[in-house]
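Residue numbers (the numbering used here), protein chains in the order written: chain A, 1 to 355; chain B, 1 to 279.
What follows is a set of notes on a single structure, which appears directly below.
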Ligand SMILES: Nc1ncnc2c1ncn2[C@@H]1O[C@H](COP(=O)(O)OP(=O)(O)OP(=O)(O)O)[C@@H](O)[C@H]1O
Ligand SMILES: [Mg+2]
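Here it is in structure tokens:
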């Protein structure tokens, strides 16, 4: 096995009584596009800052390409950071910003300038070298921040919500560009975001964090299809979580007593939730579908028109769920109050621990 | 017509105009009078006796005025340099670090700005009287009131003013910039040298000019803590007035006025350089 680019073992960070990061184990492979995903305050930035050397772990071991870097200062680590609000130096031009890292490493002036120009070209800012960094648009500043980090040929690039401040269109454009740069350079990007869609579309692997803990690490598909618990299922994409208890390895008894088929490895009697994604459920008039362990009865509460789809809110005996029907020609319409049943393909549901 | 609704009415507008002019006359008439009469040939202040440069000549010829001017400049420059260094360090410590006694230190730093000059002067006088004796007894030095006590006193009040001005500037600067510099292979010192200093330089300059103005202007504290043979220009002028106002005082005051105006103009320029740097 090759050495991981970044390796965290039992990393904990406390700020006084606050546990910002709680005993995390994580390996990030070389050349990987790795996303750290989680709600605000879950410890993403803190984790990234520890890798950069801007914060030191309270406990645990942190290695970069096999070398222990625990308390090494940031200037001694082969990583660079693109900061949340870019943190460009306002008193310097674009060129000076980009050449700063090289200058600090003692690269001679003309070599530093020519490498910086090359990098500015690569992020498509050619011609703007002499602008003050504060005279640039958000998207341009973003590119300067990228160039300023990449010009140093870091072994790992750390990005803290780099697209957070951009509008939707620019954001999508930059997503593509980041992927392109990462492929061309072949280094690992560790990308912090709280936007699950961004994480899903861009990354090779995703780590989901919550309250300082690492809940799950896996490919976008694994995380979306097989979330380990209620929180991950709910945070990644949208889902309905129907509480129930395990009856046997192939059956879950829902809160209203309906039995549905769902394979899982939880022990009998365990409290679980059945994750049913809105787009995987379908509606039919009651009595149409056979009660085969893959359906449940409900009443239409209201409908939201989305253009390409309709989202129905359906009242069950004890909760409300959402069902998304694609807006195909001839798709059936259900009025509020209609008694329907929701059904799904066996295997479309996933059992998660209810905690 | 909504635009006229917020405009003052005719008579009210006229009143505002008059008020504006009165304020300006109140401010500037004494200054103009001072400047005009500093060129008056008459010995009696306030009586125009024809145009002359005589008083400026006398100012320059008088050993006492020249000495006190030179004293003032030396004291101002030295106390400014030292208080800029110490004030900037205090500002950095308070803005960038948390340590035991942070809040106490913070509050104490403002004290010299709040304390009345006379109180400060008496305190310092008492301090020097005790302190210099002890130092001299212990180290066998020959510290006495005069240059060193004045410089120390000016540093004592200027540190506060410098650190207040510099702090405002540091507070406006993202600490992230220093982190970014260190992430880009700068050592702590390089981050300070290439990122922090250029960012807070306008604050340091502004604080320095303020300190210099305050030092050149001070009468009360200087008069208390000075020793034999050490007179600053403002203290000297104050002494002259007690003997009777002569046109010489007018000339000296005009010179001091010019000095102050120059410093203020410089600090405005420094301020402008800062805002240009920001946008
Ligand atoms: N310097 C600090 N001092 C005290 N507490 C801190 C400090 N930095 C972070 N924390 C706390 O640690 C926790 C994790 O913060 P962190 O900035 O890592 O969250 P995040 O996941 O990046 O959130 P966001 O998405 O809002 O940026 C939060 O509860 C935060 O209040
Ligand atoms: Mg963050």
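All residues carry an ideal CB built from backbone N, CA and C; glycine is no exception.
Model, not experiment: these values are computed from the prediction.
Item: Distance cut-off 8 Å: residue 160 of chain A Cβ against heavy atoms of ligand 2; Value: yes
Item: Residue 40 of chain A: CB within 8 Å of a non-hydrogen atom of ligand 1; Value: yes
Item: Under 7 Å by beta carbon: chain A residues contacting residue 195 of chain B; Value: 89
Item: For residue 135 of chain A, the first and last residue of its enclosing beta strand (DSSP E); Value: Unbroken run through residue 135 of chain A: none, as it is neither H nor E.
Item: Chain-ordered neighbours of residue 83 of chain A on chain B, where CB pairs are closer than 7 Å; Value: 176, 180
Item: Listed by chain order, chain A residues near residue 198 of chain B by CB distance under 7 Å; Value: 91
Item: Chain A contacts from the stretch 88-101 of chain B (Cβ-Cβ distance under 9 Å); Value: none
Item: Three-state secondary structure assigned by DSSP to residue 281 of chain A; Value: strand
Item: Spatial neighbours of residue 259 of chain A in its chain, beta-carbon cut-off 7 Å, leaving aside the 5 residues before and after; Value: 247, 251, 253, 293
Item: Cutoff 9 Å: residue 169 of chain B Cβ touching any chain A Cβ; Value: no
Item: Anticipated Cβ contact below 8 Å, residue 233 of chain B with residue 72 of chain B, distance rounded; Value: 4 Å
Item: Near ligand 2: residue 44 of chain A beta-carbon under 8 Å from a heavy atom; Value: yes
Item: Residues of the stretch 43-62 of chain A whose Cβ lies closer than 9 Å to any Cβ of chain B, in chain order; Value: 49, 52, 53, 54
Item: Residue 264 of chain B beta carbon less than 9 Å from that of residue 203 of chain B; Value: no
Item: Distance, residue 171 of chain B Cα to residue 141 of chain A Cα; Value: 22 Å
Item: Residue from A:339, A:331, A:189 with nearest C-alpha to residue 313 of chain A; Value: A:339
Item: Cross-strand partners of residue 103 of chain B (DSSP beta bridge); Value: DSSP output for residue 103 of chain B lists no bridge partner at all.
Item: The stretch 78-96 of chain A contacting the stretch 173-193 of chain B, beta-carbon criterion three pairs below 8 Å; Value: yes
Item: C-alpha gap between residue 93 of chain A and residue 186 of chain B, whole angstroms; Value: 18 Å
Item: Minimum Cβ-Cβ distance from residue 188 of chain B to chain A less than 9 Å; Value: yes
Item: Same chain, Cβ closer than 6 Å to residue 24 of chain B, five either side skipped, listed in chain order; Value: none
Item: Residue closest to residue 271 of chain A, alpha-carbon to alpha-carbon, out of A:177, A:219, A:306, A:229; Value: A:229
Item: Rounded separation between residue 178 of chain A and residue 221 of chain A - CA only; Value: 21 Å
Item: Bridge-paired residues (DSSP) for residue 12 of chain A; Value: A:59
Item: For residue 233 of chain A, the nearest candidate out of A:37, A:33, A:24, A:111 (CA to CA); Value: A:37
Item: Entirely enclosed alpha helix (DSSP H) segments - the stretch 35-112 of chain A, minimum 4 residues; Value: 44-52, 94-104
Item: Contact list for residue 101 of chain A against chain B, beta-carbon separation under 7 Å; Value: 184, 185
Item: Separation of residue 73 of chain A from residue 115 of chain A, as counted between CA atoms; Value: 25 Å
Item: Per-residue burial, residue 32 of chain A [other beta carbons within 10 Å of its own, 16 or more giving buried]; Value: buried
Item: Coarse secondary structure for residue 151 of chain B, derived from DSSP in three states; Value: helix
Item: Residue 278 of chain B, DSSP secondary structure in three states; Value: Because residue 278 of chain B carries a pLDDT of 48, less than 50, the predicted location of this residue cannot be relied on, and no value is offered for it.
Item: Contact under 9 Å by Cβ, residue 34 of chain B with residue 253 of chain B; Value: yes
Item: Span separating the alpha-carbon of residue 58 of chain A from that of residue 10 of chain A; Value: 10 Å
Item: Contacts of residue 148 of chain A in chain B (Cβ-Cβ under 9 Å); Value: 180, 184
Item: Chain B residues whose Cβ lies nearer than 7 Å to that of residue 105 of chain A; Value: 185
Item: CB contact check: residue 73 of chain A to chain B, cutoff 9 Å; Value: yes
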